[in-house]
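Numbering (the working numbering), first residue to last: 503 to 733. The structure under discussion appears below in the form of structure tokens.
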């Protein structure tokens, strides 16, 4: 017998499919689509299943993101027909217009171009990507401004966006500035949040010592799973 419900994992509603069997123990696996499958006895309640899943939340997140990572290999770039935008597939269409632009609506990413050239497509895409990253960072940075900067008597940083091939982000403590790579637009928001936190922690510790990663892990216990998406 099967039943379903949803659970909050990593800030996202995740479907849970429960199959009841004549077994004493409870078993959990992550499906390829990120949903969870639980096998257990018929007497086990949904609340008990939720507690069981939450006790393994870090493992669930790591497994989900590891599965996602295989999808993102060679997924960067603006060559259609498929373009990855914040971890989701978008389908490119190209229209003629007076002013170059790039916009996202549902499953479509639309380029309006005076002339359809690789240079114009790339320029329009990166401009739109930087705007989207800025919008999302504004919703993410408040906690790090407060917990890392203000709590330690540091000014909140200026955050810029630039296409970089060798780094996902750079922190300039002396200048009070962080620069994030435009390439982050291709990956889920969790990857962006990890890189943002990573660079904020550099205001406290310049190197990548054990203490540095201990602070990162304190604020983001599943950071290794998010970091793995970018490797």
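Beta carbons: idealized from backbone N, C-alpha and C, even for Gly.
Along the chain, where does the beta strand (DSSP E) containing residue i start, and where does it finish?
i: residue 521; result: 514 to 522
i: residue 504; result: 504 to 511
i: residue 660; result: 660 to 664
i: residue 529; result: 529 to 532
i: residue 674; result: 671 to 674
i: residue 544; result: Per DSSP, residue 544 belongs to no beta strand (DSSP E) and is neither H nor E.
Is residue j closer than 7 Å to residue i when the C-beta atoms are compared?
i: residue 695; j: residue 642; result: yes
i: residue 650; j: residue 702; result: yes
i: residue 589; j: residue 715; result: no
i: residue 593; j: residue 610; result: yes
i: residue 624; j: residue 580; result: yes
i: residue 731; j: residue 676; result: no
In its own chain, which residues sit with a C-beta less than 7 Å from the C-beta of residue i, not counting the 5 before and 5 after it?
i: residue 566; result: 532, 536
i: residue 718; result: 699, 700, 703, 725
i: residue 591; result: 584
i: residue 563; result: 511, 512, 724, 727
i: residue 600; result: 616
Consult DSSP for residue i and reduce its assignment to one of helix, strand or coil.
i: residue 596; result: strand
i: residue 591; result: strand
i: residue 580; result: coil
i: residue 613; result: strand
i: residue 537; result: coil
i: residue 684; result: helix
i: residue 602; result: coil
i: residue 637; result: helix
i: residue 526; result: coil
How far does the alpha helix (DSSP H) with residue i in it extend, from its first residue to its last?
i: residue 555; result: 548 to 556
i: residue 647; result: Taken as a continuous stretch (DSSP letters only), residue 647 belongs to no alpha helix (DSSP H), as it is neither H nor E.
i: residue 713; result: 712 to 721
i: residue 729; result: 725 to 730
i: residue 699; result: 691 to 703
Between which residues of its own chain and residue i is the CB-CB distance below 6 Å, once the five residues before and five after are set aside?
i: residue 618; result: 596
i: residue 604; result: 613, 626, 627, 630
i: residue 678; result: 657, 659
i: residue 683; result: 666, 670
i: residue 523; result: 541
i: residue 504; result: 521
i: residue 515; result: 508
i: residue 528; result: 542, 554
i: residue 548; result: 507
Residues in the same chain with beta-carbon distance under 8 Å from residue i, minus the five sequence neighbours each way, listed in chain order, please.
i: residue 525; result: 541, 542, 543
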